[in-house]
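Asker: Got a structure here, written out as structure tokens. Questions coming.
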Amino acid sequence: MNLVSTIPQSGPHLSLEQRFAALESLYKQAIAEIADMRGRDALKTQYLSNISHDLRTPLTAVITHAEILRDGMLGPMNERQLDSIRGIISGGRQLLDQVGEILTYARGAANQLTLTPSTFSFSDVVGQVLQMNESLIAKKRLTLDLRVPKDLPPVFADREKVAHILGNLFGNAIDFTPVGGRVWIGATMRGERELIAEVGDNGMGIAPEHHDFIFEEFAQVDSSASRQHHGTGLGLTIAQKLVELHRGRIWVESELGGGSRFYFTIPNSKDAR
Amino acid sequence: MLIVEDNELVTGALSILFEETGRRVTVAHTVAAAVKAGTSDPPDLLLLDLTLPDGDGLEVVRSLVKNGVQPKATVALTGRDDPESLERCIAAGCTEVMLKPVPTRELLRKAEEWLA
Numbered sequence: 030m031n032l033v034s035t036i037p038q039s040g041p042h043l044s045l046e047q048r049f050a051a052l053e054s055l056y057k058q059a060i061a062e063i064a065d066m067r068g069r070d071a072l073k074t075q076y077l078s079n080i081s082h083d084l085r086t087p088l089t090a091v092i093t094h095a096e097i098l099r100d101g102m103l104g105p106m107n108e109r110q111l112d113s114i115r116g117i118i119s120g121g122r123q124l125l126d127q128v129g130e131i132l133t134y135a136r137g138a139a140n141q142l143t144l145t146p147s148t149f150s151f152s153d154v155v156g157q158v159l160q161m162n163e164s165l166i167a168k169k170r171l172t173l174d175l176r177v178p179k180d181l182p183p184v185f186a187d188r189e190k191v192a193h194i195l196g197n198l199f200g201n202a203i204d205f206t207p208v209g210g211r212v213w214i215g216a217t218m219r220g221e222r223e224l225i226a227e228v229g230d231n232g233m234g235i236a237p238e239h240h241d242f243i244f245e246e247f248a249q250v251d252s253s254a255s256r257q258h259h260g261t262g263l264g265l266t267i268a269q270k271l272v273e274l275h276r277g278r279i280w281v282e283s284e285l286g287g288g289s290r291f292y293f294t295i296p297n298s299k300d301a302r
Numbered sequence: 273m274l275i276v277e278d279n280e281l282v283t284g285a286l287s288i289l290f291e292e293t294g295r296r297v298t299v300a301h302t303v304a305a306a307v308k309a310g311t312s313d314p315p316d317l318l319l320l321d322l323t324l325p326d327g328d329g330l331e332v333v334r335s336l337v338k339n340g341v342q343p344k345a346t347v348a349l350t351g352r353d354d355p356e357s358l359e360r361c362i363a364a365g366c367t368e369v370m371l372k373p374v375p376t377r378e379l380l381r382k383a384e385e386w387l388a
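Keeping their order, the protein sequence lines are chains E and Y.
Under our numbering, the first residue of the first sequence is numbered 30, with each subsequent residue one higher.
Under our numbering, the first residue of the second sequence is numbered 273, with each subsequent residue one higher.
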């Protein structure tokens, strides 16, 4: 609805009362349309949540059957058969991760995410994320710099969610950096009050006009069918949601061709909710 | 053992997995069928999905306890990993809650542990 073009203009034919009444009716119409759109948005979020659950079930069956075959429970497999079965399992797990991201997004959008904080070492979380990405780093022959001080004090936050944030940022860094490039993870504690983490790469970079856009849900700078980088388009939206749940901040410094540096902060206090 | 899950694709896979490791497997797709099967043939291990067509999977645990049946281990296999679901399962008497799909090797290793 284009409200501006339908606002009654002043003219010889309309009295002040008539114009006021027309405006009021437009206002009511706008309120109703907003309520309707919010309702549809909530329905869509609920749908995403339901469909992610429903997708997990057949995927569970696919992966379980493939693992039974892989482990030779139904008879020995030759190497080529094993390679093929491992492909089914990796594909299934990758799909499962993507479905999990959609579910996390839907829960975040419906404000159903809660924090389960504990005291933990951020270095351990970095180790966990690196382990998950080991094979990708090796495959792309990336140079990895770790700038996490050994004596970094422990953090009080939701460990799993901090790992999720770091995992999403680091996954992007690897994805958007060409073969032979450089990626890094850094961390520092500001006055013991706040953890500042950095995930950087010397990859393709992001034009400044896209810095806000990339945090929006489903946003992909290149959304064409021929795009090189695939995914749900939810990684940064989820990272932002999880950072904000901790009352932290997340931002990017980058320019096209100049690599990217993503930063996030996690307040290290028991006030975090 | 008793596997309670409404999706036949999943019970099919889990049945093969456990039968191939020498266990006798009974499958139920609803709360009602699970309570009936579990009461007439008490299982040592109960694997349980939480959302069943005729109600809450945890109802199976409660009804079996009422009928004097207490498996060595009751394990909820769930698609939800939120803290509320976890608490609900533990409160109902589950030994453990695992997020689907549990890697088969882990599931078999755990089963040995539960039934040891």
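Think of the CB as a built atom: it goes at the ideal place given N, C-alpha and C, for glycine as much as any other residue.
Apart from the five residues just before and just after Y:Val347, which ones in its own chain have a Cβ nearer than 8 Å to its Cβ?
Answerer: Leu317, Leu318, Leu319, Leu320, Cys366, Thr367, Glu368, Val369, Met370, Lys382 and Trp386
Asker: What do you get for E:Leu66, buried or exposed, if any count of 16 or more other CB atoms within 10 angstroms of its CB means buried?
Answerer: It should be noted that the sequence gives Met, not Leu, for residue 66 of chain E. When all chains shown are included, E:Met66 counts as exposed.
Asker: Hey, quick one: how far does the beta strand (DSSP E) through E:Phe205 stretch, first residue to last?
Answerer: First-last for E:Phe205: undefined, no H or E at that position.
Asker: Is the shortest distance between the beta-carbon of Y:Asn279 and the beta-carbons of chain E less than 9 Å?
Answerer: Answer yes: the Cβ-Cβ gap between Y:Asn279 and chain E drops below 9 Å somewhere.
Asker: Helix, strand or coil for Y:Val369 per DSSP?
Answerer: strand
Asker: Can you confirm whether the region 293 to 312 of chain Y touches the region 264 to 274 of chain E when touching is taken to mean that 3 or more C-beta pairs between the two stretches lie within less than 8 Å?
Answerer: no
Asker: How many angstroms separate the CA atom of E:Asp300 from the CA atom of E:Ser147?
Answerer: Below a pLDDT of 50, predicted positions are generally treated as unreliable, and E:Asp300, at 47, falls in that range; the measurement from the model is reported next regardless. Each residue's alpha carbon lies about 13 Å from the other.
Asker: When you compare the CB of E:His193 with every CB in chain Y, is at least one pair closer than 9 Å?
Answerer: no
Asker: Scan the region 370 to 386 of chain Y for residues whose Cβ lies nearer than 8 Å to a Cβ of chain E and list them as they occur along the chain.
Answerer: Lys372, Pro373, Pro375, Thr376 and Arg377
Asker: Does DSSP put E:Arg211 in a helix, in a strand, or in coil?
Answerer: Strand at E:Arg211.
Asker: Verify the CB distance criterion: does E:Arg302 have a CB-CB separation below 9 Å to chain Y?
Answerer: Because E:Arg302 carries a pLDDT of 39, less than 50, the predicted location of this residue cannot be relied on, and the following value inherits that uncertainty. Not one chain Y Cβ lies under 9 Å of E:Arg302.
Asker: Taking only beta carbons into account, state which residues of the region 285 to 306 of chain Y come closer than 9 Å to chain E, listed in chain order.
Answerer: Listed by position along the chain: Ala285, Leu286, Ile288, Leu289, Glu292 and Thr293.
Asker: When you compare the CB of E:Gln141 with every CB in chain Y, is at least one pair closer than 9 Å?
Answerer: At a cut-off of 9 Å between beta-carbon atoms, E:Gln141 makes contact with chain Y.
Asker: With 8 Å as the C-beta to C-beta threshold (strictly closer), list the residues of the region 229 to 248 of chain E near chain Y in chain order.
Answerer: Within the region 229 to 248 of chain E, no residue has a Cβ that lies closer than 8 Å to any Cβ of chain Y.
Asker: Taking the CB atoms as reference points, tell me whether Y:Thr311 and Y:Leu336 lie closer together than 9 Å.
Answerer: yes
Asker: If I'm right that E:Ile118 touches E:Glu96 with Cβ under 8 Å, what's the distance once you round it to whole angstroms?
Answerer: 6 Å
Asker: Using beta carbons (cut-off 9 Å, strictly below), is Y:Gly327 in contact with chain E?
Answerer: no
Asker: Under 7 Å Cβ-Cβ, which residues of chain Y neighbour E:His275?
Answerer: The premise fails here: E:His275 is roughly 16 Å from chain Y at the closest Cβ pair, so nothing lies under 7 Å.
Asker: Quick check on E:His94: buried or exposed, where buried means 16 or more other Cβ atoms within 10 Å of its Cβ?
Answerer: buried
Asker: Could you confirm whether any beta carbon from chain E is found closer than 9 Å to the beta carbon of Y:Asp313?
Answerer: no
Asker: Just list the residues that DSSP pairs E:Phe291 with in beta bridges.
Answerer: E:Val228 and E:Val281
Asker: Mind reading off the beta-carbon distance from Y:Val282 to E:Ala90? Whole number of angstroms is fine, and I expect it under 8 Å.
Answerer: 5 Å
Asker: Give the residues of chain Y in contact with E:Met102, contact being defined as C-beta atoms less than 8 Å apart.
Answerer: Ile288, Leu289, Glu292 and Thr293
Asker: Can you have a look at Y:Met273 and say buried or exposed, based on whether 16 or more other CB atoms are within 10 angstroms of its CB?
Answerer: buried
Asker: Under 9 Å, do E:Asp187 and E:Leu144 count as touching if we go by C-beta distance?
Answerer: yes
Asker: Can you tell me whether DSSP reads E:Arg302 as helix, strand or coil?
Answerer: Unreliable positioning characterises E:Arg302 in this predicted model, as indicated by a pLDDT of 39, which lies under 50. A coordinate reading is not provided.
Asker: Look at the Cβ atom of E:Ala216, then the Cβ atom of E:Ser152, and state whether they are nearer than 9 Å.
Answerer: yes
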